[in-house]
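Protein chains in written order, with my numbering: chain A, 20 to 282; chain B, 155 to 488.
Where a beta carbon is used, it is the ideal one built from N, C-alpha and C, also for glycine.
On a predicted model such as this, the values are computed, not experimentally measured, just so you know.
Below you'll find the structure, written out as structure tokens, and then a few comments.
Written out as structure tokens, the structure reads:
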């Protein structure tokens, strides 16, 4: 049995008399410590799937089991790193993380322990130096770092990343991908990442879940990425396993499930 | 500007020579001359009807001139000097205005008495009647503080309830739509009749006037909070209480402050009317009392006190806002 089980999830939105089926019969089992990417064209419902796992959106039928127990409301055992608007603008970097830490560990850790824990996690993403800055004063990449620090600081069972680097420039993105790989290697978190970037998916994932186009998106294919860790982006460029995995994902996305509306 | 340029050229041409007045503050010098001139006019020019306190007024003007002169000679250094420099042009304008006022009232009688008293008549009021003015100021302040505090609190609670709970919005919204636009002063006759004391009635009517804008803007603030902020908090495992206190209220603060400014403004208006009609104390009452006696100098003196007090309160609120909303810097300007 897996750590997280997405069990026959359907999602339909009802607007007046019209019903739109977004997700159809999604089932997926994720092991502890696994890094799984979900990739698909925009509008295929991958963010909806992540929101269902996070508990922010209820599934129409089916459900989510975490360690064998059903979860249907948001909770600190599933931390989310959002694509943007990830931080509360009126709080400093430190206070944004503190908000989560105080919520989760308020009764467990002492004030000093919580402070140390906040700083530890900020240092983990190299943001300790900016702890007193407000979100408006730091760059987009830095904001995502803080978002990741907040997610990690909650010690969630699963870290959910919703296109975390989608709005960043290529250099910053590469940098943050390396950070996430390091953190994953060091802490062994279970992570689910939504992305539409093929290289990102292959580089980071143990498994890539490819979704068909909506409406009624399904899981089209699941690809195991048999690449040894730690992975180095430069060495992978010529690695045959990497190239084959990349090709498989690209073929799925652009030959079999071309995004029809994009033109 | 051009003067500074010439001085610079001269300095460059005759190297080694330092222009003796180069470090002086020219505007301050002009200001000092103007204020000294006002003092001289007051003392030396014979009045149409002899007035007391001309010498006090002249001394005050001389004092202002002295401050400006010190600033002018030292070049107004440091943060205090900076503020003085900033006020320089206004000091000149104000001096000219006072001088003109002195001439058209006390010295030539161009403006008719008793409607246009002279500057020394105002000085007379402040010197002779300050206990009563201070008493009125305190009474007005206390009334305003109570009324505005109740109003802001009630408005905030109503706005929060409307913004957060759909059912509360359903019931409160039509009432607010109906009652809100009615000027609070229109209720005065009923309120003075219903409430046991005129003081409590005044507190209520001030609260009523300030609650409406606060309620409407808190409501719109809560309603326009970015939904993503709630999602962030919910993934932390936030309760409803947490969502309200840590997300909705801080996010709505900018709107709330607009409401507080508007509420404070309308509470001033209602305060004066309430004091004129009901309460037998306060600056509003002082105004109608002075008018009743035809004491126009007292009227102007009280108006000046009121203007200073109101603008001080607005300034205090601005400072509080800047402190609480420092995170907004660069995002919103108003």
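Open item on the list: My parser needs the alpha helix (DSSP H) runs of 4 or more residues fully inside the segment 138 to 208 of chain A; what are they?
Closed with: 159 to 172 and 189 to 206
Open item on the list: On the CB-based measure, 16 or more other CB atoms within 10 Å of its CB, does residue 205 of chain A come out buried or exposed?
Closed with: Residue numbering aside, residue 205 of chain A sits at position 186 when the first chain is read from its first letter. So residue 205 of chain A ends up on the exposed side.
Task: Three CB pairs or more closer than 8 Å across the segment 409 to 429 of chain B and the segment 359 to 378 of chain B - done: yes
Open item on the list: Quick check on residue 154 of chain A: buried or exposed, where buried means 16 or more other Cβ atoms within 10 Å of its Cβ?
Closed with: Looking up residue 154 of chain A in the first chain gives position 135. It is buried - the Cβ of residue 154 of chain A has at least 16 other Cβ atoms within 10 Å.
Task: Start-to-end residues for the alpha helix (DSSP H) that takes in residue 469 of chain B - done: Looking up residue 469 of chain B in the second chain gives position 315. 450 to 478 is the span of the alpha helix (DSSP H), which, as asked, contains residue 469 of chain B.
Open item on the list: Output needed in chain order: residues of the segment 58 to 76 of chain A with a Cβ under 7 Å from some Cβ in chain B.
Closed with: Within the segment 58 to 76 of chain A, those residues whose Cβ lies closer than 7 Å to any Cβ of chain B are, in chain order, 73 and 75.
Open item on the list: Taking the beta carbon of residue 240 of chain B as the centre, do at least 16 other beta carbons fall within 10 Å, making it buried, or is it exposed?
Closed with: The residue given as residue 240 of chain B occupies position 86 in the second chain. Result: exposed.
Open item on the list: From the DSSP secondary-structure annotation, give me the bridge partner or partners of residue 242 of chain A.
Closed with: Within the first chain, the letter at position 223 stands for residue 242 of chain A. Looking at the DSSP assignment, residue 242 of chain A forms a beta bridge with A:227.
TODO: Assign residue 385 of chain B to buried or exposed, taking buried as 16 or more other Cβ atoms, counted over all protein chains shown, within 10 Å of its Cβ.
DONE: Numbered from 1 along the second chain, position 231 holds the residue referred to as residue 385 of chain B. Answer is buried; the Cβ neighbour count reaches 16.
Task: residue 350 of chain B versus residue 344 of chain B - alpha carbon distance - done: As a first step, residue 350 of chain B must be located in the second chain, where it is residue number 196. As a first step, residue 344 of chain B must be located in the second chain, where it is residue number 190. When rounded, the distance between both Cα atoms is 12 Å.
TODO: Could you name the residues of the segment 190 to 211 of chain A whose beta carbon sits closer than 9 Å to any beta carbon of chain B, in the order they occur along the chain?
DONE: Answer in chain order: no residues at all.
Task: Contacting positions in the segment 84 to 105 of chain A - beta carbon closer than 9 Å to chain B - done: 92, 93, 94, 95, 96, 97, 98, 99, 101, 103, 104 and 105
Open item on the list: Taking the beta strand (DSSP E) that residue 33 of chain A belongs to, which residues open and close that run?
Closed with: Here the question's residue 33 of chain A lines up with position 14 in the first chain. From DSSP, the beta strand (DSSP E) with residue 33 of chain A extends over 23 to 34.
Open item on the list: Taking 7 Å as the threshold (C-beta atoms), are residue 191 of chain B and residue 242 of chain B in contact?
Closed with: Along the second chain, one-based indexing puts residue 242 of chain B at 88. Along the second chain, one-based indexing puts residue 191 of chain B at 37. In this structure, residue 191 of chain B does not lie closer than 7 Å to residue 242 of chain B by Cβ.
Open item on the list: Residues of the segment 108 to 129 of chain A in Cβ contact with chain B at a cutoff of 8 Å, in chain order, please.
Closed with: 108, 109, 110, 118, 119, 122 and 123
TODO: Can you tell me which of the three DSSP states residue 378 of chain B falls into?
DONE: Taking the first residue of the second chain as position 1, residue 378 of chain B is located at position 224. It is coil, neither helix nor strand.
Task: residue 276 of chain A classed as buried or exposed, judged by whether at least 16 other C-beta atoms fall within 10 angstroms - done: Position 257 of the first chain, counting from 1, holds the residue named residue 276 of chain A. In summary, residue 276 of chain A is buried, with 16 or more beta-carbon neighbours lying within 10 Å of its beta-carbon over all protein chains present.
Task: Check whether residue 368 of chain B and residue 402 of chain B have beta carbons under 7 Å apart - done: As a first step, residue 368 of chain B is located in the second chain; it is residue number 214 there, counting from the start. As a first step, residue 402 of chain B is located in the second chain; it is residue number 248 there, counting from the start. Contact: no.
TODO: Please say whether residue 413 of chain B and residue 372 of chain B have beta carbons closer to each other than 7 Å?
DONE: Looking up residue 372 of chain B in the second chain gives position 218. Looking up residue 413 of chain B in the second chain gives position 259. Yes, the pair counts as a contact, with Cβ atoms nearer than the cut-off.
Task: Nearest-angstrom Cβ-Cβ length linking residue 260 of chain B and residue 202 of chain B, presumed shorter than 8 Å - done: Numbered from 1 along the second chain, position 106 holds the residue referred to as residue 260 of chain B. Numbered from 1 along the second chain, position 48 holds the residue referred to as residue 202 of chain B. Between residue 202 of chain B and residue 260 of chain B the Cβ distance is about 7 Å, and since that is below 8 Å, they are a contact.
Task: Residues that DSSP places opposite residue 54 of chain A in a beta bridge - done: Against the first chain, residue 54 of chain A aligns to sequence position 35. Residue 54 of chain A is bridged to A:210.
Open item on the list: Does residue 230 of chain B come out as helix, strand or coil in the three-state DSSP assignment?
Closed with: As a working note, residue 230 of chain B is residue 76 in the second chain. The answer is coil: DSSP assigns residue 230 of chain B none of H, G, I, E or B.
Task: 4 or more residues per run - each alpha helix (DSSP H) lying fully within the segment 300 to 379 of chain B - done: 320 to 333, 342 to 348 and 352 to 377
Task: Sufficient close CB pairs (3 or more, under 8 Å) joining the segment 44 to 62 of chain A to the segment 225 to 234 of chain A - done: yes
Task: Residues near residue 151 of chain A in its chain [Cβ-Cβ closer than 6 Å; skip 5 each side] - done: Counting from one through the first chain, the residue named residue 151 of chain A turns up at place 132. These residues qualify, in order along the chain: 111.
Task: Cross-chain neighbours of residue 168 of chain A in chain B, by beta carbon under 8 Å - done: As a working note, residue 168 of chain A is residue 149 in the first chain. The premise fails here: residue 168 of chain A is roughly 14 Å from chain B at the closest Cβ pair, so nothing lies under 8 Å.
Open item on the list: Between the alpha carbons of residue 210 of chain B and residue 228 of chain B, how many angstroms are there, rounded?
Closed with: Along the second chain, one-based indexing puts residue 210 of chain B at 56. Along the second chain, one-based indexing puts residue 228 of chain B at 74. In this model, residue 210 of chain B and residue 228 of chain B are separated by some 27 Å (Cα to Cα).
Task: Residue span of the beta strand (DSSP E) that contains residue 46 of chain A, given as start and end - done: Taking the first residue of the first chain as 1, we reach residue 46 of chain A at position 27. Element bounds for residue 46 of chain A: 37 to 49.
Task: Residue closest to residue 78 of chain A, alpha-carbon to alpha-carbon, out of A:85, A:88, A:67 and A:87 - done: As a first step, residue 78 of chain A must be located in the first chain, where it is residue number 59. Cα-wise, what sits closest to residue 78 of chain A is A:67.
TODO: Quick one: using the 10 Å Cβ neighbour count with 16 as the cut-off for buried, is residue 470 of chain B buried or exposed?
DONE: Within the second chain, numbered from 1, the residue matching residue 470 of chain B stands at position 316. Classification of residue 470 of chain B: exposed, given that the 10 Å Cβ count is below 16.
Open item on the list: Tell me whether the segment 244 to 264 of chain A and the segment 75 to 92 of chain A touch, counting them as touching only if at least three CB pairs, one residue from each stretch, are closer than 8 Å.
Closed with: In short, these stretches do not touch, since the Cβ pair count stays below three.
Open item on the list: Tell me which residues share the same chain as residue 450 of chain B and place their Cβ nearer than 6 Å to its Cβ, disregarding the 5 neighbours each side in the sequence.
Closed with: Within the second chain, residue 450 of chain B is the residue found at index 296, counting from 1. These residues qualify, in order along the chain: 268, 269 and 271.
Task: Best match in A:235, A:75, A:243 and A:159 for proximity to residue 191 of chain A [C-alpha to C-alpha] - done: In the first chain, residue 191 of chain A corresponds to position 172, counting from 1. For the residues A:235, A:75, A:243 and A:159, the minimum Cα distance to residue 191 of chain A belongs to A:159.
Open item on the list: If the cut-off is 9 Å on Cβ atoms, which residues from the segment 398 to 416 of chain B count as contacting chain A, listed in chain order?
Closed with: 400, 401, 404, 405 and 407
TODO: With 7 Å as the threshold, decide whether the Cβ of residue 390 of chain B is near any Cβ in chain A.
DONE: Position 236 of the second chain holds residue 390 of chain B. Closer than 7 Å: yes.
Task: Expected contact under 8 Å - CB spacing of residue 93 of chain A and residue 381 of chain B to nearest Å - done: As a working mapping, residue 93 of chain A is identified with position 74 in the first chain. As a working mapping, residue 381 of chain B is identified with position 227 in the second chain. So it is not a contact: roughly 13 Å between Cβ atoms.
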